[in-house]
Amino acid sequence: MKVYNNKAWWLVLPVFLLVAFSAIVPMMTVVNYSVQDIFDHSTRYFVGVDWYKQVLQDTRLHDSLLRQFIYSGCVLLIEIPLGIAIALTMPTKGRWASLVLIVMAIPLLIPWNVVGTIWQIFGRADIGLMGWALNSLGISYNYASNTSDAWVTVLIMDVWHWTSLVALLCYSGLRAIPDVYYQAARIDRASAWAVFRHIQLPKLKSVLLIAVMLRFMDSFMIYTEPFVLTGGGPGNATTFLSQTLTQMAIGQFDLGPAAAFSLVYFLIILLVSWLFYTAMTHNDKTR
Amino acid sequence: MTLRKKVVLGLYILFLLVPIYWLLNMSFKSNTEILGGLSMWPQSFTLANYQVIFTDPSWYEGYLNSLYYVTLNTLISLSVALPAAYAFSRYRFLGDKHLFFWLLTNRMAPPAVFLLPFFQLYSSIGLFDTHIAVALAHCLFNVPLAVWILEGFMSGVPKEIDETAYIDGYSFPKFFVKIFIPLIGSGIGVTAFFCFMFSWVELLLARTLTSVNAKPIAAVMTRTVSASGIDWGVLAAAGVLTILPGMLVIWFVRNHVAKGFALGRV
Amino acid sequence: MDWMAWTLPTALFFGTIAAILAGMTVWELRSPCIERKGFLPISTTRGDRLFIGLLGSAYLHLLVVGTTDWSVWIASVLSLFWLFAVMRWG
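Chains as they are written, first to last, in full-length UniProt numbering: chain A, 1 to 287; chain B, 1 to 266; chain C, 1 to 90.
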């Protein structure tokens, strides 16, 4: 049982100040921007909630929000089951175990723009292995001009990049299951499926929640990889929320609408992370 | 059963490694060979692409800049997160759950949201285009993560150890540094690894907050695009070189990571 | 501070939030609250209810601004009711 002691605040204070500096001050600024029409430092007008109205009724943003949800949904549907499956196959002992761990971690350590570059090269029909192989198999494939090809390429890239994270998290969850459980299952002659369903999956619940949360959040703010790979195209097929936002803020310098959009984006994230966090702590309590 | 497992795992690892191999393969080719046709390995092996990077200061300084702010960020994150994680793992205090949640929301917030105000904030306090600016900006997502991971490790250390140390007359700072930190060595290793990783791979903030002096390697890479097209060979070589630091770090902390995984605490 | 582009309404807004947080802190120190279950599906503390109330209010504002032509003050008044309901019975 933890002791109630408000002096613990002194230990948390450095973190609080540091994060407050990087989070609260910018957040206040975004709120300030979102209610004004800003031309330069001295020329700005209060416009109330006009930007919010404009942003909420902008079809371009509706489209990119919809694309974002579909994309994040696809990412979760592929990566979570695949990650669990891979984690189940990973060796637990011997020198292979740590080698496999290291190899699996490689994609996670590559800068995001380089991930984009790797797939940009890999998918090209003239110099990339994948593009060349697909085209010589008679499948016409070009991620730069065909919408669905671009979409699939971005999705495969994400699977390549992040499935390892899910697998590693699940692996750590699996390692935490005591051997006694498996022995009991062996005595009962439980099938592999029964072991998975009744022993492994319940124990994975809390790690999976973390994995789902991380993958949802990170795919929801994906920016660099599709930017490098497709530049958001062809058309707007792979333009996700973050990219729409950066275009508005830096490309067109529409500070007000960009700020209003940032806040709407942030509110969505806030709601979803709160739901996950509540589920997580609730899960801890009942365990 | 085990054979099927091996095949699945083998296929997955192949899927992971082939794109990386392709990058490595290209980095040893000249541009004429790359554009001339497809080959599974370099026909005329050349190190010219790497030579370009190691002889041009604007290239290799990009690496040094990135390494500098990443290291700085890891140090800052760890030093503030250690006491905070201890507080979260040992005490209840006013608003602790809400504080923890607030920290996590910053890990979840898209960097794009903070882009403009960050630029203004660091310009106004004269830190624009410095390494410390990027290091501080990356604290936004790394500090919450560090607190989160360390808290998990610390909760695994029995509370009796703290109490015994206090009875033996240790003051809090002495206990923390002499006894507690060595106990969670693996945890610190794993946390440092994750901080390094997330700071190293981030581009959007790093690029926005720098222009010349602290420009990260990821931003330098856009230089390969010129009027005469993309310099594929140099781009591939630069990409390969960005993978190396991460692999070195994971090699050094591999035992800690494995231990952390064995404890089920990563 | 000039670059932060402060306006009176936003300053008031943040001032109110800060005052609420300070008030909640004092309240909690004076009489620590006990978790309870109201009409919300989970058991909550006072702080949780405040957060739910504020988040709900924010979404209510977005709903009114985005889908209707009503004045934003209608959303604010509705939010006050919602906030009160959550704090009292949530």
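Note that the Cβ used here is the ideal one computed from N, Cα and C, for glycine as well. Model, not experiment: these values are computed from the prediction.
Pop quiz: residue i and residue j are said to be a contact at Cβ under 8 Å. What is the actual Cβ separation, rounded to whole angstroms?
| i | j | result |
| --- | --- | --- |
| A:S242 | B:A112 | 4 Å |
| C:T10 | A:N32 | 5 Å |
| B:N31 | B:D231 | 7 Å |
| B:F118 | B:L209 | 6 Å |
| A:V154 | A:P226 | 5 Å |
| A:Y71 | C:V65 | Incorrect: roughly 27 Å between the Cβ atoms, too far for contact. |
| A:F46 | A:V35 | 6 Å |
| B:G233 | B:I34 | 6 Å |
| A:T117 | A:V228 | 6 Å |
| A:H161 | A:V115 | 5 Å |
| A:A150 | A:T230 | 5 Å |
From residue i to residue j, what distance separates their C-alpha atoms?
| i | j | result |
| --- | --- | --- |
| A:I80 | A:A211 | 8 Å |
| A:L101 | B:T105 | 29 Å |
| A:V103 | A:T89 | 14 Å |
| residue 289 of chain A | B:T191 | Past the boundaries of the shown model lies residue 289 of chain A; chain A is included only from 1 to 287, so the question cannot be answered. |
| A:M17 | B:F141 | Here residue 17 of chain A is Leu; the residue named in the question, Met, does not match the sequence. Their Cα atoms are separated by approximately 14 Å. |
| B:C195 | B:A81 | 11 Å |
| B:G59 | B:L235 | The residue you asked about is not Gly; residue 59 of chain B is Trp in the sequence shown. Computed Cα separation, rounded: 11 Å. |
| B:I179 | A:R124 | 55 Å |
| B:N49 | B:F28 | 7 Å |
| B:P19 | A:S262 | 35 Å |
| C:V72 | A:Q57 | 16 Å |
| C:S57 | C:R88 | 15 Å |
| A:A87 | B:G37 | 38 Å |
| A:T278 | C:A75 | 27 Å |
| B:P83 | A:V25 | 24 Å |
| A:L82 | A:Y181 | 24 Å |
| C:L80 | C:H61 | 11 Å |
| B:Y63 | B:A214 | 10 Å |
| A:I127 | A:I121 | 7 Å |
| A:F196 | A:I84 | 10 Å |
| C:A19 | B:L94 | 17 Å |
| A:K93 | B:L9 | 15 Å |
| A:K205 | A:C170 | 9 Å |
| A:V30 | A:S22 | 13 Å |
| B:Y21 | A:S145 | 26 Å |
| B:P110 | A:M27 | 12 Å |
| C:W82 | A:A20 | 29 Å |
| B:V266 | B:V147 | In this prediction, B:V266 has a pLDDT of 44, which is less than 50 and means its spatial position is unreliable; what the coordinates show is noted afterwards. Answer to the nearest angstrom: the Cα atoms are 12 Å apart. |
| residue 271 of chain B | B:S155 | As shown, chain B starts at 1 and ends at 266. That puts residue 271 of chain B outside it, with no answer to give. |
| A:Q200 | B:I161 | 32 Å |
| A:R44 | A:V75 | 42 Å |
| C:G53 | B:F175 | 42 Å |
| B:K159 | A:L168 | 29 Å |
| A:W119 | A:S164 | 17 Å |
| B:A85 | A:L209 | 21 Å |
| B:W251 | B:T130 | 29 Å |
| C:A85 | A:L271 | 20 Å |
| B:P216 | B:E202 | 10 Å |
Is there a C-beta anywhere in chain C that falls below 8 Å from the one on residue i?
| i | result |
| --- | --- |
| A:H198 | no |
| A:I38 | yes |
| A:M28 | yes |
| A:F46 | yes |
| A:Q57 | yes |
| B:L140 | no |
| B:L94 | yes |
Any C-beta of chain B sitting closer than 8 Å to the C-beta of residue i?
| i | result |
| --- | --- |
| A:N142 | no |
| C:T44 | no |
| C:W3 | yes |
I want to see whether chain A comes within less than 8 Å of residue i, judged by CB atoms only; does it?
| i | result |
| --- | --- |
| C:F39 | no |
| C:G66 | yes |
| C:I34 | no |
| B:K5 | yes |
Sufficient close CB pairs (3 or more, under 8 Å) joining the segment 106–125 of chain A to the segment 252–266 of chain A = In short, these stretches do not touch, since the Cβ pair count stays below three.
Every unbroken alpha helix (DSSP H) inside the segment 3–44 of chain C [4 residues or more] | Whole alpha helix (DSSP H) segments, 4+ residues: 8–30.
Any alpha helix (DSSP H) of 4 or more consecutive residues that is wholly inside the segment 101–158 of chain A = For the segment 101–158 of chain A, whole alpha helix (DSSP H) runs of length 4 or above, ordered along the chain, are 112–123 and 129–136.
At which residue ranges does the segment 155–231 of chain B contain complete alpha helix (DSSP H) runs of 4 or more residues, listed in the order of the chain?
-> 159–167, 172–175, 185–201, 204–208 and 217–220
Go through the segment 35–106 of chain A residue by residue and report every complete run of the beta strand (DSSP E) that reaches 3 residues or more, in order.
-> As far as the segment 35–106 of chain A is concerned, its whole beta strand (DSSP E) runs of at least 3 residues are 36–38 and 44–46.
Complete runs of the alpha helix (DSSP H) confined to the segment 44–88 of chain B [at least 4 residues] | 48–55
Sufficient close CB pairs (3 or more, under 8 Å) joining the segment 115–135 of chain B to the segment 60–80 of chain B | yes
Segment contact, 8 Å Cβ cut-off, at least three pairs: the segment 51–71 of chain B with the segment 118–128 of chain B = no
If we count Cβ pairs, one from each stretch, closer than 8 Å, do we get three or more for the segment 212–226 of chain A versus the segment 177–190 of chain A?
-> no
Could you pull out every unbroken alpha helix (DSSP H) segment of at least 4 residues lying fully inside the segment 185–260 of chain A, listed in chain order?
-> 192–195, 201–220, 224–229 and 241–246
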